[in-house]
Amino acid sequence: MTLKTLPGESYPLGATVENDGKNGVNFCIFSKQATFIELLLFEEPNDPQPSHVIPLDPKLNRTHYYWHIFIEGLEAGQVYAYRVHGPYDLSQGHRCNPEKVLLDPYAKAIVGSSIYNRDAATHPGDNCAQALRSVVVDTETYDWEGDWDEAPRLRIPYSESVIYEMHVGGFTRHPSSGVSAEKRGTFAGLIEKIPYLKSLGITTVELLPVHYFDVKDVRPGLSNYWGYSTIGFFAPHRPYSSDQSPIGPVNEFRDMVKALHKEGIEVILDVVFNHTAESDEHGPTLNFRGIDNSTYYILEDDHSQYKNYTGCGNTFRGNHPIVGRLILECLHYWVTEMHVDGFRFDLASILSRDSYGTPLEELRGTTPDILWIIESDPILAGTKLIAEAWDAAGLYDVGRFVELADWFAEWNGPFRDDVRCFVKGDSGMVPRLASRILGSPDIYHRQDVDINRSINFVTCHDGFTLNDLVSYDEKHNEGNGEDNRDGENHNNSWNCGVEGETDDPAINAMRLQQIKNFFTILFLSQGTPMMLMGDEIRRTQRGNNNVYCQDNELSWFNWDNVEKEYDLWCFVRRLVHFTQGLELFNQEERLEVAYNSPNHPHISWHGVQLGEPDWSDYSRALAFSLRHPQKNEYLHVMLNAFWEPLEFELPWLEEGESWYRVLDTSLPLNETFCELDVAVEISTQNYTANGRSCVVLMAKPNS
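Numbers 1 to 703, taken from the UniProt record's numbering, label the letters of the sequence shown in order.
Now the structure itself:
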């Protein structure tokens, strides 16, 4: 078949379906170094060779560094790829290699996972028969059924948000999920579990990477599970789709977003704009390396190797204008066409490095770096932007994103560390804990920003699960094939007396109590709470704190545990709904200390004696009162990380009011949390908090 072609246009990048009279597809790709480019068209996704090879004439099909062509009659679903001819000169950082079939960096869908061979993309020789391919997608044909139209965008404030960090595949892949085999581990499978998330009180799901990633970017015999190995930033990960048609993953992802939105749940994507699956100089040539290596990556001074600020072999050159535009247009696409509500930026501090790797003096200064461009972008206004404010090469910017920017929130790493240390009974932690409870004013100094831009968490995908945090003193990552060298060594964990699983009832009871303590402090602190998938049912990874390569039952959500740990699940659910139902925990300004503003929402610090908090190194207990006079909300909280009971004085109440025990983590699970209407009245002016326990009392009129 003879194809009719036109020169094409230099914008937009990628493959664009046109139905405005000249039906067809416009292809456009950027390459400064290319001397000649071939567009390959395939009849079927897995065909070993293309049906058409279309040369792009440098005089006819090139505008500046943009290569383009329009082909009449092509439609959505067309499979395509590129070969890029140009210099292979390591001294200049050029790695063009026409033996390698390349993906379009702007591909909206990717096929070929069943034939893909990473080694073939790495070693000399033609890899066409074993290469991934891009797919033409028409984004205008999907029926959103009124999402973001008749049904407006959710835009849930941070102050009302409960974030659930989750893995799309791991959430329903376990056979116990009850999801049909073809939908397990997919976007469609997640849809079936939305009632679970809704019942738990989740307002926002934060999905581990769903951009198309290289599952083979690990040691032989293992599989990349987390997904921090991106190949295609615009394309949903095909293995997460039950619909395997060429554009199936795009529509199934949209189906999931639409279904979550209907239940009032936002979708945040974990995005990895700091490195790609092409790894170091020994890695495969998949797209960026072969298209324009020196544009897309930060190179060493000799240009032959990559600067590695990520620990993953290369560093994406986010502050280069071309790469920065790709990042921005990618974010635009996922918001406008896929309706996502926000992004969590993995190793975000890397985006504060200039295009040569030098840290910018300010995250937002006179230089229009990509972070400032993202924050000030009108299309992204109203989305949640969350930074992991560090990188793997020494930058640690926790506090700076919030201090110097107007919209970014941050993962609060010190919250995780300090709460862990306090709960396990370390000395000297009471002052630090108080700061974390108050929204970390020692980190976030500005008074004019929403305190909920501190994303508080105790666990996340990277590290121990909550169950393992109280069950293991040491990591056990032998299954990763790195002789237990990988993963964090300093976990601030405590196994409660025995390493790993045990039949000892006293140890198991203490572990459960500590889990409840962690949840209690997380949800009683100012800031936005984030919990890890499965912590509410004691999901275990058997001591592995780095399951990036464990796509198996070690990492998956075991739905049998929902019944087995039902009482804990109920405790977490009640705690979430309790705190989210109080105005005290929906504040956007930091609670004031009582003696400064007794007529506004405020906090008062205590120790075992009223008004006398013990900030000394040997103290392991803290009490505080939270009061919202206008809403008639008054809580008194006692945190005892000491291993013996402590008797706390209680604040005096107005005549006709009493304290009622809402929560005591030392009690059996079915008694730990009581709704206020059936809570136990405290008739004395003292309360004994058992060792390693948290207690919450609430004032109300006597019944």
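Where a beta carbon is used, it is the ideal one built from N, C-alpha and C, also for glycine.
From which residue to which residue does the beta strand (DSSP E) around Tyr296 run? Residue 296 sits at position 296 when you count from the first residue of the sequence shown. Taken as a continuous stretch (DSSP letters only), Tyr296 belongs to no beta strand (DSSP E), being part of the alpha helix (DSSP H) at Phe288 to Tyr296.
Delimiting residues of the alpha helix (DSSP H) encompassing Arg118: Walking along the sequence shown from the start, residue 118 turns up at place 118. Arg118 to Thr122 is the span of the alpha helix (DSSP H), which, as asked, contains Arg118.
Whole-angstrom C-beta distance between Phe642 and Gly691, which should lie under 8 Å: On the sequence shown, residue 691 is found 691 positions in, with the first residue counted as 1. On the sequence shown, residue 642 is found 642 positions in, with the first residue counted as 1. Gly691 to Phe642, Cβ: 6 Å. Contact.
Arg446 to Ile373, Cα distance in whole Å? In the sequence shown, residue 446 corresponds to position 446, counting from 1. In the sequence shown, residue 373 corresponds to position 373, counting from 1. Rounded to whole angstroms, Arg446 to Ile373 spans 22 Å at the Cα level.
Quick test of the definition: if touching needs 3 or more C-beta pairs under 8 Å, does the segment 562-578 touch the segment 137-145? no
Between the alpha carbons of Trp605 and Glu150, how many angstroms are there, rounded? The residue given as residue 605 occupies position 605 in the sequence shown. The residue given as residue 150 occupies position 150 in the sequence shown. Taking the straight line joining both Cα atoms gives about 47 Å.
So is Thr63 buried or exposed if we call it buried at 16+ other beta carbons inside 10 Å? Mapped onto the sequence shown, residue 63 falls at position 63. Its Cβ having fewer than 16 others within 10 Å, Thr63 is exposed.
What separation, rounded to the nearest whole angstrom, lies between the Cα atoms of Ile265 and Ser199? Translated into positions along the sequence shown, residue 265 becomes position 265. Translated into positions along the sequence shown, residue 199 becomes position 199. Distance between the alpha carbons of Ile265 and Ser199: 11 Å.
Whole angstroms is fine: what's the gap from Tyr687's alpha carbon to Leu697's? As a first step, residue 687 is located in the sequence shown; it is residue number 687 there, counting from the start. As a first step, residue 697 is located in the sequence shown; it is residue number 697 there, counting from the start. C-alpha separation (whole angstroms): 10 Å.
For His211 versus Gly189, is the C-beta spacing smaller than 8 Å? As a first step, residue 211 is located in the sequence shown; it is residue number 211 there, counting from the start. As a first step, residue 189 is located in the sequence shown; it is residue number 189 there, counting from the start. No, the pair does not count as a contact, with Cβ atoms beyond the cut-off.
What is the rounded straight-line gap between the Cα of Gln78 and the Cα of His52? Position 78 of the sequence shown, counting from 1, holds the residue named residue 78. Position 52 of the sequence shown, counting from 1, holds the residue named residue 52. Spanning the two alpha carbons is a distance of roughly 12 Å.
Go through its chain and collect everything with a Cβ distance to Gly607's Cβ below 6 Å, but skip five positions before and after it. Along the sequence shown, one-based indexing puts residue 607 at 607. If we look at Gly607 and ignore the five residues flanking it on each side, its Cβ neighbours are Pro613 and Asp614.
Thinking just about the alpha-carbon of each residue, which of Asn599, Gln526 and His461 is nearest to the one in Gln550? Counted from its first residue, the sequence shown places residue 550 at position 550. The candidate whose alpha carbon is nearest that of Gln550 is His461.
Could you tell me the distance, in whole angstroms, from the CA atom of Tyr296 to the CA atom of Pro98? Residue 296 sits at position 296 when you count from the first residue of the sequence shown. Residue 98 sits at position 98 when you count from the first residue of the sequence shown. Cα to Cα, the separation comes out at about 18 Å.
In three-state terms, what does DSSP make of Ala131? Mapped onto the sequence shown, residue 131 falls at position 131. Of the three classes helix, strand and coil, the one that applies to Ala131 here is coil, per DSSP.
Unbroken beta strand (DSSP E) runs of length 3 or more, entirely within the segment 578-622: which are they? 602-606
How do the segment 302-313 and the segment 324-337 stand: do at least 3 beta-carbon pairs fall below 8 Å, yes or no? no
Could you give the first and the last residue of the continuous beta strand (DSSP E) run that contains Trp67? Against the sequence shown, residue 67 aligns to sequence position 67. Element bounds for Trp67: Tyr66 to Glu72.
Please list the terminal residues of the continuous beta strand (DSSP E) segment that includes Glu649. Residue numbering aside, residue 649 sits at position 649 when the sequence shown is read from its first letter. Unbroken beta strand (DSSP E) run through Glu649: Leu646 to Glu649.
In the DSSP assignment, the beta strand (DSSP E) including Glu165 goes from what residue to what residue? Working through the sequence shown from its first residue, we reach residue 165 at position 165. Counting along the chain, the beta strand (DSSP E) containing Glu165 begins and ends at Ile163 to Met166.
How would you label Ile379, buried or exposed, when you count the other beta carbons within 10 angstroms and need 16 or more for buried? The residue labelled residue 379 in the question sits at position 379 within the sequence shown. Answer is exposed; the Cβ neighbour count stays below 16.
Looking only at its own chain, which residues have a Cβ that is under 8 Å from the Cβ of Trp577, when we skip the five neighbours before and after it? By 1-based counting over the sequence shown, the position of residue 577 is 577. One detail in the question is off: residue 577 reads as His in this sequence, not Trp. Answer for His577: Gly201, listed in chain order.
Across the segment 252-264 and the segment 579-592, are there enough close Cβ pairs to call them in contact, namely three or more that are closer than 8 Å? no
Can you give me the Cβ contacts of Pro629 inside the same chain, cut-off strictly under 7 Å, excluding the 5 residues immediately before and after it? The sequence position of residue 629 within the sequence shown is 629, counting from 1. Excluding sequence neighbours, Pro629 sits near Asn599.
Curious, which full-length beta strand (DSSP E) runs of at least 3 residues does the segment 458-518 contain? none
Three-state secondary structure (DSSP) of Phe401: Here residue 401 is taken as the residue at index 401 of the sequence shown, counted from 1. Helix, per DSSP.
Mark Trp652 as exposed unless 16 or more other C-beta atoms lie within 10 angstroms of its C-beta, in which case mark it buried. Against the sequence shown, residue 652 aligns to sequence position 652. Looking at its Cβ environment, which holds fewer than 16 other Cβ atoms inside 10 Å, Trp652 is exposed.
Can you tell me which of the three DSSP states Leu676 falls into? Along the sequence shown, read from residue 1 onward, the residue named residue 676 stands at position 676. In the structure shown, Leu676 sits in a helix (DSSP, three-state: H, G or I).
Using 8 Å as the Cβ pair cut-off and three pairs as the minimum, do the segment 164-178 and the segment 310-323 touch? no
Quick one: what's got a C-beta closer than 8 Å to Ile268's C-beta in the same chain, skipping five residues either side? Counted from its first residue, the sequence shown places residue 268 at position 268. Ile163, Thr204, Val205, Glu206, Leu207, Val340, Asp341, Gly342, Phe343, Arg344, Lys384 and Ile386, listed in sequence order.
In chain order, which alpha helix (DSSP H) runs of at least 4 residues are fully inside the segment 375-423? 400-404 and 413-423
Helix, strand or coil at Cys312 [DSSP, three-state]: As a first step, residue 312 must be located in the sequence shown, where it is residue number 312. Coil.
Residue burial classification, Pro246 (beta-carbon count within 10 angstroms, cutoff 16): Counted from its first residue, the sequence shown places residue 246 at position 246. Burial call: buried.
For Ile350, which residues of its own chain have a beta-carbon under 6 Å away from its beta-carbon, when the five flanking residues on both sides are left out? Residue mapping note: residue 350 aligns to position 350 of the sequence shown, counting from 1. Cβ neighbours of Ile350 beyond the five flanking positions: Asn274, Tyr309 and Asp391.
Determine the direct distance from the alpha carbon of Lys32 to that of Arg364, and round the result to whole angstroms. Within the sequence shown, numbered from 1, the residue matching residue 364 stands at position 364. Within the sequence shown, numbered from 1, the residue matching residue 32 stands at position 32. Bear in mind that the predicted position of Arg364 carries a pLDDT of just 48, short of 50, making it unreliable; the figure below should be weighed with that in mind. So the alpha carbons of these two residues sit roughly 29 Å apart.
Taking 8 Å as the limit between beta carbons, can you name the residues of its chain near Ile110, skipping five residues before and five after? Locating residue 110 in the sequence shown gives position 110, where the first residue counts as 1. The residues are Leu103, Leu132, Arg133, Ser134, Val135, Tyr212, Ile231, Gly232, Ala235 and Arg238.
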